[in-house]
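So for the sequence shown, my numbering puts the first residue at 3; every next one is plus one. A short write-up of the structure that comes next.
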Amino acid sequence: MPSQCEDAPKPNLQVAARVEELLREQLEERGINPRTLPPEDIAANMKCYIAPDNSMTYHWKDEPILYVTPERREKDGERSVYWHMFTRDDMPPSSDPS
Numbered sequence: 003m004p005s006q007c008e009d010a011p012k013p014n015l016q017v018a019a020r021v022e023e024l025l026r027e028q029l030e031e032r033g034i035n036p037r038t039l040p041p042e043d044i045a046a047n048m049k050c051y052i053a054p055d056n057s058m059t060y061h062w063k064d065e066p067i068l069y070v071t072p073e074r075r076e077k078d079g080e081r082s083v084y085w086h087m088f089t090r091d092d093m094p095p096s097s098d099p100s
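Quick look at the structure:
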């Protein structure tokens with residue numbers, strides 16, 4: 003896996019909570035109840051690929067289901083990071099690292 007850029011934005015707790023929510027939704031759309039999955043099934047089937055810019059592509063059983071990418075913005079001297087999240091249906095084609 004490539005090393006991360008030291009100045010790459012890092013997701014915060016709100017981003018992590020939203021990612022978790024979207025992953026649950028994506029599994030439920032496939033008829034899977036994530037609350038009933040044993041941890042070993044999740045560990046065996048859910049993979050996250052992290053790019054040097056800290057964008058993340060989540061795969062369930064080798065199928066990409068969620069892409070999360072940071073976008074830095076600056077306005078009036080204030081810097082912020084927006085995290086764009088794409089589910090399988092609206093995922094950009096260049097987001098799959100495999």
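For every residue, glycine included, the Cβ atom is placed at its ideal position computed from N, Cα and C. Computed from a predicted model, the values in this text were never measured in an experiment.
Burial state of residue i, where buried means 16 or more other Cβ atoms lie within 10 Å
i	result
residue 28	buried
residue 84	exposed
residue 82	exposed
Sequence-distant residues of the same chain with beta carbon closer than 6 Å to residue i, five excluded per side
i	result
residue 88	69
Cβ shell of residue i (< 7 Å), same chain only, five flanking positions each side left out
i	result
residue 12	56
When the options are compared against residue i, the one with the closest alpha-carbon
i	options	result
residue 91	58, 48, 67 and 23	67
residue 52	37, 43, 25 and 71	71
residue 93	41, 64 and 59	59
Three-state secondary structure assigned by DSSP to residue i
i	result
residue 39	coil
residue 32	coil
Opposing strand residues paired with residue i [DSSP bridges]
i	result
residue 52	58
Residues near residue i by beta carbon distance below 8 Å, same chain, minus five either side
i	result
residue 36	25, 26, 29, 30 and 44
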